[in-house]
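Line order of the protein sequences matches chains X and Y. With the first letter of the first sequence counted as 1, position 310 gets the number 310 in my numbering; the numbers rise by one all the way through. Throughout, my numbering is defined as the position within the second sequence, counted from one, plus 349. No residue lacks a Cβ here, since even glycine has one placed at the ideal position from N, Cα and C. Small disclaimer: the values here were computed from a predicted structure and weren't measured.
Protein chains: 2
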Amino acid sequence: MATASPHERVTVYTVAERAGVSVATVSRVLQAPHLVREKTRATVLQAIDDLDYVPHGAARSLASRQHEAHGLVLPELGGPYYSELLMGYESVAAEAGHSVILLLTDGKTSLDLQLRRMAGNVDGLVLMGDVGMSSAAIAALRRRIPVLGLTGPSHDGYESFSTENTASAEQLTRHLLGHGRSRLAFVGSPSLARDVRERHTGFVAAHDGAPVADPIEAELRERDGRRVAELILAGALDTDVDALVCANDELALAVLDRLVDGGVKVPGDIAVVGWDDVMTARYVRPALTTVAQPVRDLGAAAAARMRELIAGAPGNTHEHTLPTTLVIRESCGCPAGQGSLHPSPDKKE
Amino acid sequence: MATASPHERVTVYTVAERAGVSVATVSRVLQAPHLVREKTRATVLQAIDDLDYVPHGAARSLASRQHEAHGLVLPELGGPYYSELLMGYESVAAEAGHSVILLLTDGKTSLDLQLRRMAGNVDGLVLMGDVGMSSAAIAALRRRIPVLGLTGPSHDGYESFSTENTASAEQLTRHLLGHGRSRLAFVGSPSLARDVRERHTGFVAAHDGAPVADPIEAELRERDGRRVAELILAGALDTDVDALVCANDELALAVLDRLVDGGVKVPGDIAVVGWDDVMTARYVRPALTTVAQPVRDLGAAAAARMRELIAGAPGNTHEHTLPTTLVIRESCGCPAGQGSLHPSPDKKE
DNA sequence: CTGTTAGCGCATTCAA
DNA sequence: TTGAATGCGCTAACAG
Numbered sequence: 001m002a003t004a005s006p007h008e009r010v011t012v013y014t015v016a017e018r019a020g021v022s023v024a025t026v027s028r029v030l031q032a033p034h035l036v037r038e039k040t041r042a043t044v045l046q047a048i049d050d051l052d053y054v055p056h057g058a059a060r061s062l063a064s065r066q067h068e069a070h071g072l073v074l075p076e077l078g079g080p081y082y083s084e085l086l087m088g089y090e091s092v093a094a095e096a097g098h099s100v101i102l103l104l105t106d107g108k109t110s111l112d113l114q115l116r117r118m119a120g121n122v123d124g125l126v127l128m129g130d131v132g133m134s135s136a137a138i139a140a141l142r143r144r145i146p147v148l149g150l151t152g153p154s155h156d157g158y159e160s161f162s163t164e165n166t167a168s169a170e171q172l173t174r175h176l177l178g179h180g181r182s183r184l185a186f187v188g189s190p191s192l193a194r195d196v197r198e199r200h201t202g203f204v205a206a207h208d209g210a211p212v213a214d215p216i217e218a219e220l221r222e223r224d225g226r227r228v229a230e231l232i233l234a235g236a237l238d239t240d241v242d243a244l245v246c247a248n249d250e251l252a253l254a255v256l257d258r259l260v261d262g263g264v265k266v267p268g269d270i271a272v273v274g275w276d277d278v279m280t281a282r283y284v285r286p287a288l289t290t291v292a293q294p295v296r297d298l299g300a301a302a303a304a305r306m307r308e309l310i311a312g313a314p315g316n317t318h319e320h321t322l323p324t325t326l327v328i329r330e331s332c333g334c335p336a337g338q339g340s341l342h343p344s345p346d347k348k349e
Numbered sequence: 350m351a352t353a354s355p356h357e358r359v360t361v362y363t364v365a366e367r368a369g370v371s372v373a374t375v376s377r378v379l380q381a382p383h384l385v386r387e388k389t390r391a392t393v394l395q396a397i398d399d400l401d402y403v404p405h406g407a408a409r410s411l412a413s414r415q416h417e418a419h420g421l422v423l424p425e426l427g428g429p430y431y432s433e434l435l436m437g438y439e440s441v442a443a444e445a446g447h448s449v450i451l452l453l454t455d456g457k458t459s460l461d462l463q464l465r466r467m468a469g470n471v472d473g474l475v476l477m478g479d480v481g482m483s484s485a486a487i488a489a490l491r492r493r494i495p496v497l498g499l500t501g502p503s504h505d506g507y508e509s510f511s512t513e514n515t516a517s518a519e520q521l522t523r524h525l526l527g528h529g530r531s532r533l534a535f536v537g538s539p540s541l542a543r544d545v546r547e548r549h550t551g552f553v554a555a556h557d558g559a560p561v562a563d564p565i566e567a568e569l570r571e572r573d574g575r576r577v578a579e580l581i582l583a584g585a586l587d588t589d590v591d592a593l594v595c596a597n598d599e600l601a602l603a604v605l606d607r608l609v610d611g612g613v614k615v616p617g618d619i620a621v622v623g624w625d626d627v628m629t630a631r632y633v634r635p636a637l638t639t640v641a642q643p644v645r646d647l648g649a650a651a652a653a654r655m656r657e658l659i660a661g662a663p664g665n666t667h668e669h670t671l672p673t674t675l676v677i678r679e680s681c682g683c684p685a686g687q688g689s690l691h692p693s694p695d696k697k698e
């Protein structure tokens with residue numbers, strides 16, 4: 001079987017020679033088998049198998065003028081959010097035979113360069129959130145290849161996908177109000193990301209004009225949640241609170257854990273709710289009331305749309321919004337549901 | 350942006366013309382700036398900027414005979430494990446200016462084809478676990494490009510990286526034995542994956558020849574954990590147990606939660622320990638005793654090695670093993686640590 | 001230091 | 001149904 005020594009390159013020519021045909025025919029059996037006579041095709045396939053031929057991707061791309069690859073730019077992969085997104089995206093891209101090239105902006109310095117390089121290797125680009133690029137730079141990319149945003153700044157005027165925030169936040173806040181809570185506070189920094197900003201907007205809206213305390217500034221990490229809890233335990237907050245609406249679950253969980261550990265009754269003294277419905281939300285006691293987002297669908301939808309764009313569909317500046325679901329558990333003040341592990345509506349399992 | 354809109358393609362030639370130099374010079378300012386006179390370089394860079402030039406990746410790859418890309422094949426991205434791995438890998442690959450192309454084998458059918466295609470697009474391939482490929486197919490790939498394994502079947506004779514399992518499992522089991530537990534059971538299917546097999550081996554070894562109950566078969570998911578818990582609650586197990594060594598945290602957490610919910614005292618009646626140290630392990634009560642793996646380091650190490658291999662380093666069949674850490678919390682029977690959120694030794698922050 | 005030129009491996013006309 | 005020829009955009013000798 002192993003005819004090819006490790007040192008010689010096997011190309012279309014090698015295969016063509018072995019099969020006694022021209023390179024065009026070899027290319028055809030791979031690209032449009034129906035254009036090749038049955039028998040010839042078999043011969044070529046045999047040769048391909050014998051030689052263990054693998055087409056050179058770059059050569060294909062160069063000749064066919066398409067990379068068959070999508071670029072996905074994410075900040076990081078911490079937490080289940082981005083992983084789910086990536087899984088959704090990859091599955092749809094792979095269906096079309098497209099590969100996805102990943103770029104994590106995390107602690108990266110020369111992001112502009114990296115993105116530029118990536119732009120030369122893909123047919124389309126998906127940018128998550130605020131990628132830390134100037135609008136001008138993004139506009140430049142858009143002139144070259146289709147660009148899609150995820151949860152990004154809407155005003156930049158390019159097509160994007162995101163999950164609903166404001167209405168769900170308002171609904172969640174009203175739920176708390178309905179429990180008789182009156183001194184709510186929002187935990188998170190609205191200025192940090194559009195998601196948070198929108199959630200805060202909904203939070204404020206639910207107050208129907210009544211005065212609202214300033215948000216308690218915090219990044220979306222456990223560490224900040226602990227800090228906030230300490231603040232509350234120490235009575236260092238401007239006002240007393242009886243409910244905390246946290247910008248995401250990591251914050252909420254850390255706050256909740258620290259608060260309970262500090263002797264505060266949750267939800268008795270203070271209710272705590274979050275956003276994302278991470279795995280831990282189901283396991284912690286009291287179980288965390290939160291909002292579930294169809295993250296995987298979000299990724300899938302973006303990928304599907306990108307496929308269209310790559311196929312030549314005209315672009316637009318739409319902002320597609322996917323609906324979210326309230327997941328009521330116990331930390332808001334509701335009674336414990338039946339059995340343990342209160343399910344998450346969106347998780348199919 | 351229709352299909353064939355006369356988007357003037359800007360290439361090296363366009364840039365060269367604009368800058369009044371040859372294409373070679375343009376290429377040089379990008380590949381080896383120090384070989385170009387300061388002034389010329391500036392002119393070219395200006396032209397590049399004006400034209401918003403982005404080099405065509407495929408053309409580069411074809412001419413330079415290298416893709417500057419790694420292929421990473423993972424089963425999925427559920428849970429923090431693979432995400433961490435991917436983050437570790439990506440960061441090191443990106444450092445070298447290499448991009449990583451992701452392939453999730455999850456529910457994919459024509460895996461062979463997909464991998465073949467990928468092999469034509471990358472300089473090296475990293476295969477996670479048992480990718481569901483024949484040794485022959487992998488051998489074929491190896492003749493073409495360097496291949497690295499992760500947690501894979503060791504007998505296949507290619508270089509691989511993994512985290513230590515047997516010794517840690519033995520240590521963990523002895524810890525349980527030290528608590529006076531005597532009727533331990535292993536939860537998980539050793540036949541399913543090498544990881545699990547090795548952990549089971551350590552579990553058995555810790556018994557020093559004493560009789561060991563058959564493992565309670567289960568996949569590594571919450572659902573299976575719940576099933577196992579129901580079995581125990583119903584007394585449907587062959588023997589009574591007073592400690593459960595679960596193959597991973599998802600299993601352990603589901604078991605623990607369901608058991609507690611069913612009135613069993615953990616660790617009073619039954620101790621439960623897991624493997625992986627996921628986020629939830631710190632938040633659940635009793636906090637879960639588990640084993641932390643340096644997953645991110647694992648990814649980083651593999652990426653670093655792959656860089657070497659791509660650079661031409663001779664391959665071998667080494668199996669690199671990274672050490673793990675016992676994370677003792679409460680579910681094993683140890684007293685609660687100080688404060689909440691018993692830290693995870695490996696997590697920075 | 002810079003220009004000329006010849007491929008890299010493949011897809012795709014155009015003829016036959 | 002097949003083959004010959006052209007070019008995709010770039011890098012890398014090799015000259016100058």
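The count of Cβ pairs closer than 8 angstroms, one atom from the segment 239-258 of chain X and one from the segment 268-278 of chain X, reaches three, so the stretches are in contact. Closest option to R654 (chain Y), judged by alpha-carbon separation, among Y:D472, Y:T550, Y:V633 and Y:P635: Y:D472. For M133 (chain X), no alpha helix (DSSP H) segment is defined, and its DSSP state is neither H nor E. Between H56 (chain X) and V12 (chain X), the alpha-carbon positions lie close to 9 angstroms from each other.
Looking at the backbone, the Cα of P539 (chain Y) and that of T629 (chain Y) are separated by about 24 angstroms.
Following the DSSP letters along the chain, one finds E319 (chain X) in no alpha helix (DSSP H) but inside the beta strand (DSSP E) bounded by residues E319 to L322. Linking L605 (chain Y) to P211 (chain X) through their CA atoms gives a straight-line distance of about 44 angstroms. K108 (chain X) reaches chain Y at A443, counting residues in chain order whose Cβ is nearer than 7 angstroms. Against chain X, the CB of Q642 (chain Y) has no partner CB under 8 angstroms away; the residue lies outside that interface.
Within chain X, the residues placing a beta-carbon under 9 angstroms from that of Q463 (chain Y) are A94, G97 and S99, ordered along the chain.
Interface annotation, E76 (chain X): in contact with chain Y, CB-CB separation under 8 angstroms. Taking 8 angstroms as the cut-off, the Cβ atoms of I216 (chain X) and V187 (chain X) count as close. Near chain X, meaning a CB-to-CB distance below 7 angstroms, no residue of the segment 646-675 of chain Y qualifies. Taking 8 angstroms as the threshold, the shortest C-beta distance from A58 (chain X) to chain Y falls below it.
Membership of V241 (chain X) in any beta strand (DSSP E) is not indicated, and neither H nor E is assigned to it by DSSP. With fewer than 16 other beta carbons inside 10 angstroms of its own, P335 (chain X) counts as exposed. Under the three-state reduction of DSSP output, A206 (chain X) falls in the coil class, being neither helix nor strand.
Those residues of the segment 124-155 of chain X placed with their C-beta closer than 8 angstroms to a C-beta in chain Y are A140, R143, R144 and P146, ordered along the chain. By DSSP's assignment, L102 (chain X) forms a beta bridge with X:L72 and Y:V449. Contact note: T629 (chain Y) reaches chain X through M279, T280 and Y283, using a C-beta cutoff of 7 angstroms and chain order. One thing to note: V403 (chain Y) has its Cβ no nearer than 8 angstroms to the Cβ of A96 (chain X).
Comparing C-alpha distances from L394 (chain Y) to each of Y:L675, Y:R377 and Y:S410 shows the shortest one belongs to Y:R377.
When 9 angstroms is used as the limit between beta carbons, L111 (chain X) is near no residue of chain Y, the shortest such separation being about 10 angstroms.
DSSP lists X:D276 and X:T325 as the beta-bridge partner residues of A292 (chain X). In the structure shown, A391 (chain Y) adopts helical secondary structure according to DSSP, grouped into three states. Taking 4 residues as the shortest admissible run, the segment 515-570 of chain Y contains the following complete alpha helix (DSSP H) segments, listed from N- to C-terminal end: 515-527 and 543-554. Looking at the DSSP output, A271 (chain X) shares a beta bridge with X:A243.
Here L647 (chain Y) is near L434 (chain Y), since their CB atoms are less than 8 angstroms apart. Put simply, the backbone Cα of L72 (chain X) is about 47 angstroms away from that of G612 (chain Y). Residues of chain Y whose Cβ lies closer than 9 angstroms to the Cβ of L30 (chain X) do not exist, since the nearest Cβ in that chain is about 11 angstroms away. Of all residues in the segment 545-576 of chain Y, those with a C-beta nearer than 9 angstroms to a C-beta of chain X are R570, E571, R572 and R575, reading in chain order.
T163 (chain X) carries a strand assignment under DSSP once its states are collapsed to helix, strand and coil. L172 (chain X) is positioned such that its CB atom lies no closer than 8 angstroms to that of S160 (chain X). Fewer than three beta-carbon pairs drawn from the segment 22-39 of chain X and the segment 366-385 of chain Y are found closer than 8 angstroms, and the two stretches are therefore not classed as touching. Closer than 8 angstroms to the CB of H416 (chain Y) there is at least one CB belonging to chain X. Taking V609 (chain Y) as reference, the option from Y:V633, Y:H667 and Y:A391 with the minimal CA-CA separation is Y:V633.
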